[in-house]
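Report on the following structure.
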Amino acid sequence: KGNSACKRECLDKGTVITAADIQAGLKMYNVTLREGDILILHTGWGNIFEQFPAQNATYNSGEPGIGKDAAHWLVGQKVVAVGADNWAVEVIPGEDPKEAFIVHNILITDAGIHILENVRTDLMAAEADRTQRATFFFGMTVPKAVGLTGNFVGIEGIR
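Count along the sequence shown starting at 1, add 11, and that's the number in my numbering.
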């Protein structure tokens, strides 16, 4: 979809990514999601982040992301982490205004699934489009720290 703030294609803020959307993407690349896998989503929203400070208000005003349906489906798939190129991974504003960051609760609190926010996905997406292959070895370095609820990490996708 188009978004006037994006220099490249991206989903509009508030776009809910459903389980069916994820399944369609997996089918498009002939990928089977297996227990222990990490799912990385490319929404295009990271392109707006790259335009700081010009698009700061747009970037922070909401975002496309996974909804409750997709979160529950991912729990059933037994993934270990879900990442995206946006600041919350989940859709903002959420599907129900009474449930703040419900996808975080479903994934992290209820299922112990890690969330990786602000992942640079543009290179991964371009490579997947070029090769029609969307799987890779995922490596992540995590700083040794105690008592944190979040931190910066280094991510490498190796084909």
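Think of the CB as a built atom: it goes at the ideal place given N, C-alpha and C, for glycine as much as any other residue. Keep in mind the model is a prediction, meaning the values are calculated, not measured.
Notebook entry, point to check: What do you get for P75, buried or exposed, if any count of 16 or more other CB atoms within 10 angstroms of its CB means buried?
Noted result: Counting from 1 along the sequence shown, the entry for residue 75 is found at position 64. Result: buried.
Item checked: Test item: CB-CB of V102 and G87 under 8 Å -> Translated into positions along the sequence shown, residue 102 becomes position 91. Translated into positions along the sequence shown, residue 87 becomes position 76. No.
Item checked: Residues near M135 by beta carbon distance below 6 Å, same chain, minus five either side -> Translated into positions along the sequence shown, residue 135 becomes position 124. Here the set comprises G168.
Margin query: How far does the beta strand (DSSP E) with H125 in it extend, from its first residue to its last?
Written below: Counting from one through the sequence shown, the residue named residue 125 turns up at place 114. Its beta strand (DSSP E) spans residues 125-127.
Checklist line | Presumed contact (8 Å Cβ cut-off) between N97 and G57, rounded CB distance | finding: For the purposes of this step, residue 97 is taken as residue 86 along the sequence shown, with counting starting at 1. For the purposes of this step, residue 57 is taken as residue 46 along the sequence shown, with counting starting at 1. Contact flag correct, Cβ pair sits at about 7 Å.
Check: Would the beta-carbon of G165 fall within 8 Å of that of V130?
Finding: What you label residue 165 is simply residue 154 of the sequence shown in a count that begins at 1. What you label residue 130 is simply residue 119 of the sequence shown in a count that begins at 1. No. Outside cutoff.
Checklist line | DSSP beta-bridge partners of A92 | finding: To locate residue 92, count along the sequence shown from 1; it is residue 81. BP columns for A92 point to I49, H125.
Check: Between V91 and H125, is the Cβ-Cβ spacing less than 8 Å?
Finding: Locating residue 91 in the sequence shown gives position 80, counting from the first residue. Locating residue 125 in the sequence shown gives position 114, counting from the first residue. Yes.
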